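K.L.:
The structure's right below; bear with me while I get my questions together.
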Amino acid sequence: MKKGNDYFEMMITSAQLCVEIAKELVISFNEFDPYEVKNTLSKLHEIEHRADNVKHDMMERLVKEFLPPIEREDLISLGGELDNVTDCIEDVFRKVYMYNVIVLRGDIESHTRHIVLMTEKLAQLMKEFKNYKKSEKIKDMIIEINRLESEGDKLYEESTRRLFTENAAATDTMIWSDIYRRFEHCYDACEHAADVVEIVVMKNS
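My numbering runs 3 ahead of the 1-based position in the sequence shown.
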């Protein structure tokens with residue numbers, strides 16, 4: 004591995020950006036102003052753009068890397084999954100912008116808190132991943148992310164059920180069904196990144 008090509012540190016940076024954009028999403032909803040949605044989306048996009056740059060930098064270095072620390076395909080896969088987390092989080096608020104949402108639903112906070120929790124666990128996992136050959140905690144960390152994804156599925160199911168049992172207007176039902184689905188994509192994205200870590204650990208055990 005060439006000096007300066009610390010792929011584990013790059014992935015830690017990517018995971019930290021997942022946490023950063025998740026926390027910014029919380030602020031975006033807590034301080035929601037329908038007249039500032041476009042500006043708020045720009046803040047989220049700036050973080051997502053930095054995450055893209057980390058991924059692209061890693062890919063460029065991998066092209067020139069003779070002997071990466073783990074298989075090239077695994078690094079590419081994990082880098083892509085981490086980048087997808089930031090994409091999915093940005094996409095939640097992009098839907099708010101696209102649908103010109105004026106009033107938020109009360110269960111948004113439970114979803115945004117859960118995304119922050121999952122990204123924080125993912126960031127902890129990526130720090131531990133650097134020492135995966137000696138780690139005694141990494142398996143439990145992956146299991147915890149899988150458990151949180153299941154909790155996220157329940158949040159999604161309950162939010163969607165409430166939407167349809169409240170007899171909301173057809174347009175609102177369509178809009179919020181899509182927004183809730185985007186939250187669920189965030190939970191899945193975190194789990195998928197953890198799954199790649201699990202595969203790498205199994206292949207190198």
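All residues carry an ideal CB built from backbone N, CA and C; glycine is no exception. From a predicted model like this one, the values you see are computed outputs, not experimental measurements.
Going by the beta-carbon positions, is the gap between Val95 and Arg185 smaller than 8 Å?
P.N.:
yes
K.L.:
State the Cα-Cα distance for the pair Lys6 and Arg64, rounded to the nearest angstrom.
P.N.:
Because the pLDDT of Lys6 is 47, which lies under 50, any placement of that residue in the model is unreliable, and the number read from its coordinates should be weighed accordingly. Their backbone Cα atoms lie some 11 Å apart in a straight line.
K.L.:
Quick check: what's the CA-CA separation for Ser138 versus Glu76?
P.N.:
22 Å
K.L.:
First and last residue of the alpha helix (DSSP H) that includes Ser138?
P.N.:
In the DSSP assignment, Ser138 falls outside any alpha helix (DSSP H) and carries neither an H nor an E.
K.L.:
My assumption, with CB atoms under 8 Å, is that Ile79 sits in contact with Met62. Please give the rounded CB distance.
P.N.:
Contact check for Ile79 and Met62: beta-carbon distance about 7 Å, within the 8 Å limit, so the pair qualifies.
K.L.:
Consult DSSP for Phe132 and reduce its assignment to one of helix, strand or coil.
P.N.:
helix
K.L.:
Counting along the chain, where does the alpha helix (DSSP H) carrying Ser17 start and finish?
P.N.:
Residues 10-33.
K.L.:
Between Ile24 and Glu51, which are expected to be in contact by the criterion C-beta below 8 Å, what is the C-beta distance as a whole number of angstroms?
P.N.:
6 Å
K.L.:
Glu160 and Glu194 - do their beta-carbons sit closer together than 8 Å?
P.N.:
no
K.L.:
With a threshold of 16 other CB atoms inside 10 Å of the CB of Thr168, please say whether the residue is buried or exposed.
P.N.:
exposed
K.L.:
What residues in its chain sit with their C-beta under 6 Å from that of Ile145, if we drop five residues either side in the sequence?
P.N.:
Excluding sequence neighbours, Ile145 sits near Ala197, Glu201.
K.L.:
The alpha helix (DSSP H) that contains Gly83, what's its start and end?
P.N.:
75-101
K.L.:
Counting only the same chain and skipping the five closest in sequence on each side, list residues whose C-beta sits under 8 Å from that of Met4.
P.N.:
Reliability of the predicted coordinates at Met4 is poor, the pLDDT of 43 falling under 50, and the value obtained from them is presented with this limitation in mind. Excluding residues up to 5 positions away in sequence, Tyr10, Glu68, Leu70, Pro71, Pro72 lie with their Cβ nearer than 8 Å to the Cβ of Met4 in the same chain.
K.L.:
Give the secondary structure of Glu39 by DSSP, where H, G and I count as helix, E and B as strand, and everything else as coil.
P.N.:
coil
K.L.:
Should Gly82 go down as buried or exposed, given a rule of 16 or more other Cβ atoms within 10 Å for buried?
P.N.:
buried
K.L.:
Does Phe69 come out as helix, strand or coil in the three-state DSSP assignment?
P.N.:
coil
K.L.:
Considering only the beta carbon of each residue, do Tyr190 and Ser162 sit closer than 8 Å?
P.N.:
no
K.L.:
Quick one: give me the first and last residue of the alpha helix (DSSP H) that Val104 is part of.
P.N.:
Here Val104 belongs to no alpha helix (DSSP H), and DSSP marks it neither H nor E.
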